[in-house]
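Numbered per my numbering, the sequence shown spans residues 1441 to 1682. Structure record follows, encoded as structure tokens.
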Amino acid sequence: MFEFRRTVAPAVLTTALAIGLASCAPKPPPPPPPPPPPPKVVVIPPKPRPPNNASDNLAIPPADANGLRYSLNRNISSAQMLWNLRSAYNVAALNCFKPQHAAILPQYKDFLKNHAKTLATINKKVDAEFKAKHGAKFIAPREAYMTSVYNHFALPPTLTDFCDAVGAVARDGAAVKSAELEAFAVRSLPSIEVVFDDFYRRYEVYRNDLAIWQAQYGTPVSTAQPAVTLPATTSVAGGAGH
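So, in structure tokens, the structure goes:
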């Protein structure tokens, strides 16, 4: 019995000593914190661009309460509408060079030749209207007005659509008699003007989209833009008041 105790006691002491030493050993460091989540990727959509590669500072005419936009071709006499249609033909003859518009120039020349007397009478009517409004010095206001009409028709971003519209009107007008020419202009000029209405509507959409984009991704900018002055277009054929 005595021999058994001498044999077991050292083992018990060794175990106790190991436990004591283990309790005094430094604790292992805590595991490292998890890595932060990856940063949120912000995908910036492309900046809105003007329709038809137009300038980004284009001034557009206002619209009335009914959504009808101000135009030099609205709220004018039937004589002025015919003269403005003549101006549209002129601008198209000078600027529409695509193959599908090749007929415009000869059609314009036929228009001037076949309706020379009617156009001369209309020119006098327009002179009389400006004289009644502006007095003896009516020529300068008329020239300024007609220059604005030419510049309106020659707006670069609308040129292709303008040429298409004039081409269609010129084809329809080829068989029109001189006595019906004024009525033809009254119903046909709006078919050309709608080109500009559509462009200005799309330009307003672009401005609204740009304002939203700037508010989210860039420095906001004012949508009030200065007007872009376009050079006057030279007339193919002569005549008072272009």
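C-beta atoms are modelled at their ideal positions from N, C-alpha and C, and glycine is treated no differently. Everything numeric in this text was worked out from a predicted model, so none of it was measured.
Inset, instruction - Report all residues from its chain with a CB closer than 7 Å to the CB of Phe1570; omit the five preceding and five following residues, and keep chain order. - result: Numbered from 1 along the sequence shown, position 130 holds the residue referred to as residue 1570. Around Phe1570: Phe1578, Pro1581, Arg1582.
Legend entry - Helix, strand or coil at Ala1615 according to DSSP, with G and I counted as helix: To locate residue 1615, count along the sequence shown from 1; it is residue 175. Note: Ala1615 maps to coil in three-state DSSP.
Inset, instruction - May I ask you to verify whether the region 1535-1542 touches the region 1593-1611, counting CB pairs closer than 8 Å and requiring at least 3? - result: In the pairwise beta carbon analysis, the region 1535-1542 is classified as touching the region 1593-1611: at least three pairs are separated by under 8 Å.
Legend entry - Whole-angstrom distance between Arg1509 and Asn1515, CA atom to CA atom: As a first step, residue 1515 is located in the sequence shown; it is residue number 75 there, counting from the start. As a first step, residue 1509 is located in the sequence shown; it is residue number 69 there, counting from the start. Distance between the alpha carbons of Asn1515 and Arg1509: 11 Å.
Inset, instruction - Use the C-beta contact count for Asn1524: other C-beta atoms within 10 angstroms, 16 or more gives buried, fewer gives exposed. - result: By one-based count along the sequence shown, residue 1524 stands at place 84. Taking a 10 Å sphere around the C-beta of Asn1524, we find 16 or more other C-beta atoms and assign the residue as buried.
Inset, instruction - Identify the continuous alpha helix (DSSP H) that holds Lys1573 and give its terminal residues. - result: Along the sequence shown, one-based indexing puts residue 1573 at 133. Taken as a continuous stretch (DSSP letters only), the alpha helix (DSSP H) holding Lys1573 covers 1556-1574.
Legend entry - Arg1509 - partner residues in DSSP beta bridges: Position 69 of the sequence shown, counting from 1, holds the residue named residue 1509. DSSP, once it has assigned bridges, lists Ala1503 as partnering Arg1509.
Legend entry - Contacts around Leu1629, its chain only, beta-carbon distance under 7 Å, and the 5 residues preceding and following it disregarded: As a first step, residue 1629 must be located in the sequence shown, where it is residue number 189. Cβ within range, chain order: Asn1513, Met1521, Asn1524, Leu1525.
Inset, instruction - Can you grab the Cα-Cα spacing for the pair Ile1500 / Val1634, in whole Å? - result: For this step, residue 1500 is matched to residue 60 along the sequence shown. For this step, residue 1634 is matched to residue 194 along the sequence shown. Taking the straight line joining both Cα atoms gives about 14 Å.
Inset, instruction - Grab the span of the alpha helix (DSSP H) containing Val1635 for me, first residue to last. - result: Looking up residue 1635 in the sequence shown gives position 195. Residue range 1621-1657 is occupied by the alpha helix (DSSP H) that includes Val1635.
Legend entry - Supposed contact pair Gly1607 and Ala1543 - C-beta distance, whole angstroms, cut 8 Å: The residue you call residue 1543 lines up with position 103 of the sequence shown. The residue you call residue 1607 lines up with position 167 of the sequence shown. Contact between Ala1543 and Gly1607 holds: their C-beta atoms lie close to 7 Å from each other, under 8 Å.
Legend entry - Between the CA atoms of Lys1573 and Met1695 - distance to the nearest angstrom: Residue coverage of the chain in this structure runs from 1441 to 1682, which leaves residue 1695 outside it and unanswerable.
Legend entry - Residue span of the alpha helix (DSSP H) that contains Ile1579, given as start and end: Here residue 1579 refers to the residue found at position 139 when the sequence shown is read from its first residue. 1579-1593 is the extent of the alpha helix (DSSP H) around Ile1579.
Legend entry - Pair within 9 Å by beta-carbon distance, Leu1650 and Pro1488: What you label residue 1650 is simply residue 210 of the sequence shown in a count that begins at 1. What you label residue 1488 is simply residue 48 of the sequence shown in a count that begins at 1. A Cβ-Cβ contact shorter than 9 Å links Leu1650 with Pro1488.
Inset, instruction - Can you tell me the Cβ-Cβ gap for Ser1511 and Val1626, rounded? I've got them flagged as a contact below 8 Å. - result: Translated into positions along the sequence shown, residue 1511 becomes position 71. Translated into positions along the sequence shown, residue 1626 becomes position 186. Not quite, the Cβ-Cβ distance comes to about 14 Å (not below 8 Å), so this is no contact.
Inset, instruction - Identify whether Leu1599 lies in helix, strand or coil by the three-state DSSP scheme. - result: For the purposes of this step, residue 1599 is taken as residue 159 along the sequence shown, with counting starting at 1. Helix, per DSSP.
Legend entry - Ala1519 in three-state terms, based on DSSP: The sequence position of residue 1519 within the sequence shown is 79, counting from 1. In this structure, Ala1519 counts as helix in the three-state DSSP scheme.
Inset, instruction - Put Lys1538 into one of helix, strand or coil per three-state DSSP. - result: In the sequence shown, residue 1538 corresponds to position 98, counting from 1. Reduced to three states, the DSSP call for Lys1538 is coil.
Inset, instruction - Measure the CB-CB distance between Lys1557 and Ser1618 and report whether it falls below 9 Å. - result: Residue mapping note: residue 1557 aligns to position 117 of the sequence shown, counting from 1. Residue mapping note: residue 1618 aligns to position 178 of the sequence shown, counting from 1. The beta carbons of Lys1557 and Ser1618 sit closer together than 9 Å.
Inset, instruction - State buried or exposed for Ala1614, treating a residue as buried only when at least 16 other CB atoms are found within 10 Å of its CB. - result: For this step, residue 1614 is matched to residue 174 along the sequence shown. By the neighbour-count rule (16 or more Cβ atoms within 10 Å), Ala1614 is not buried but exposed.
Legend entry - Gln1547 vs Ala1623 beta-carbon contact at 9 Å: Indexing the sequence shown from 1 puts residue 1547 at position 107. Indexing the sequence shown from 1 puts residue 1623 at position 183. No, the pair does not count as a contact, with Cβ atoms beyond the cut-off.
Legend entry - C-beta contact flag for His1592 and Phe1639 at 9 Å: If you number the sequence shown from 1, residue 1592 lands on position 152. If you number the sequence shown from 1, residue 1639 lands on position 199. For the 9 Å CB-CB criterion, His1592 and Phe1639 do not form a contact.
Legend entry - Own chain, CB closer than 8 Å to Ala1672, minus 5 neighbours either side, in chain order: If you number the sequence shown from 1, residue 1672 lands on position 232. Annotation note: pLDDT 42 at Ala1672 (below 50); position unreliable, coordinate value reported separately. Excluding sequence neighbours, Ala1672 sits near Thr1587, Tyr1590, Asn1591.
Inset, instruction - Tell me, please, whether the CB atom of Asp1567 is closer than 9 Å to any CB atom in chain B? - result: Protein chains in the displayed structure number just one, and chain B is not present.
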